[in-house]
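Numbering (the numbering used here), first residue to last: 12 to 266.
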């Protein structure tokens, strides 16, 4: 079921498990927003504590997404058209973490692009690494995407120094009116290596939910960067093999 087209704040958790050469896992609570971009247009969220394109406790800046210059819908529609996807003319839901006190780092944001009949047509996984680089993986089947579909993309972008740039990702998504889940599994040449998921329960994005998010996790986006480096240190201390960062891919979008 396609969620109602009103901005949502989702409370949930991130889970990560490495299978080898040592077994290493963690999970932590988090929150993220889901924004219906066609419905919103250029409007604000009608919330005193959560702003659009200006500083606040939580905020969303259009310039953090797309190419930083074009309107968001123009950018995503252009990306899809360039890749041959021309029927994703329905709602576009952007799932991402907001800025907290002006700061955000998003390891991955998802653009859920629907057809006019409400069917999910394509997903763009918008990936950032800690070196300030970015790459988009386009996920589509040629038709409507369901929760039963496993979507695949070849890995060509460096994310972690403890994973080589080889192999591929397997994605599964569930997008309900109140619950959502994104699962990303990574396989290298030896088979399954990482299992990751991001899940959440949606509530209306309003002053109450914004205050709840900020009070429960006041430095959430700062914590994302801290946890990335903390977990990297733990892997290094356990002598997990280290890979140097290659040059980023020339193409901005791949499958």
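A virtual CB, placed ideally from N, CA and C, is assigned to each residue, including glycine. For clarity, every value in this text was computed on a predicted model and none was experimentally measured.
Quick check on the burial criterion: 16 or more other C-beta atoms within 10 angstroms. Buried or exposed for residue i?
{"i": "residue 12", "result": "At residue 12 the pLDDT is 46, less than 50, meaning the model places this residue with poor confidence and gives no usable figure here."}
{"i": "residue 244", "result": "exposed"}
{"i": "residue 215", "result": "exposed"}
{"i": "residue 188", "result": "exposed"}
{"i": "residue 152", "result": "exposed"}
{"i": "residue 82", "result": "exposed"}
{"i": "residue 218", "result": "exposed"}
{"i": "residue 201", "result": "exposed"}
{"i": "residue 157", "result": "exposed"}
{"i": "residue 128", "result": "exposed"}
{"i": "residue 240", "result": "exposed"}
{"i": "residue 258", "result": "exposed"}
{"i": "residue 76", "result": "buried"}
{"i": "residue 261", "result": "exposed"}
{"i": "residue 230", "result": "exposed"}
{"i": "residue 29", "result": "buried"}
{"i": "residue 168", "result": "buried"}
{"i": "residue 62", "result": "buried"}
{"i": "residue 80", "result": "exposed"}
Beta-carbon separation of residue i and residue j under 8 angstroms?
{"i": "residue 145", "j": "residue 139", "result": "yes"}
{"i": "residue 119", "j": "residue 90", "result": "no"}
{"i": "residue 182", "j": "residue 205", "result": "no"}
{"i": "residue 56", "j": "residue 18", "result": "yes"}
{"i": "residue 60", "j": "residue 69", "result": "yes"}
{"i": "residue 45", "j": "residue 85", "result": "no"}
{"i": "residue 64", "j": "residue 73", "result": "yes"}
{"i": "residue 210", "j": "residue 191", "result": "yes"}
{"i": "residue 164", "j": "residue 265", "result": "yes"}
{"i": "residue 93", "j": "residue 47", "result": "no"}
{"i": "residue 126", "j": "residue 99", "result": "yes"}
{"i": "residue 263", "j": "residue 172", "result": "no"}
{"i": "residue 185", "j": "residue 196", "result": "no"}
{"i": "residue 235", "j": "residue 71", "result": "no"}
{"i": "residue 137", "j": "residue 124", "result": "no"}
{"i": "residue 114", "j": "residue 41", "result": "no"}
{"i": "residue 49", "j": "residue 102", "result": "yes"}
{"i": "residue 10", "j": "residue 254", "result": "For the chain, the structure presents residues 12 to 266; residue 10 sits outside this window and is missing."}
{"i": "residue 39", "j": "residue 238", "result": "yes"}
Using DSSP's beta-bridge definition, name the partner residues of residue i.
{"i": "residue 47", "result": "104"}
{"i": "residue 24", "result": "40, 210"}
{"i": "residue 122", "result": "105, 135"}
{"i": "residue 56", "result": "Partner(s): none; residue 56 has no beta bridge."}
{"i": "residue 69", "result": "61, 111"}
{"i": "residue 205", "result": "29, 197"}
{"i": "residue 215", "result": "19"}
{"i": "residue 35", "result": "29"}
{"i": "residue 220", "result": "Residue 220 is not bridged to any residue."}
{"i": "residue 74", "result": "Answer by DSSP bridge pairing: none, since residue 74 is not bridged."}
{"i": "residue 264", "result": "147"}
Cβ contact (3+ pairs, closer than 8 angstroms) linking the stretch 19-30 and the stretch 215-234: yes
- request: Taking only runs that begin and end inside the stretch 123-193, name each unbroken beta strand (DSSP E) of 3 or more residues, in chain order.
  value: 131-139, 145-156, 162-165, 179-186
- prompt: Would you say the stretch 232-250 touches the stretch 23-42, given that touching needs at least three Cβ pairs under 8 angstroms?
  reply: yes
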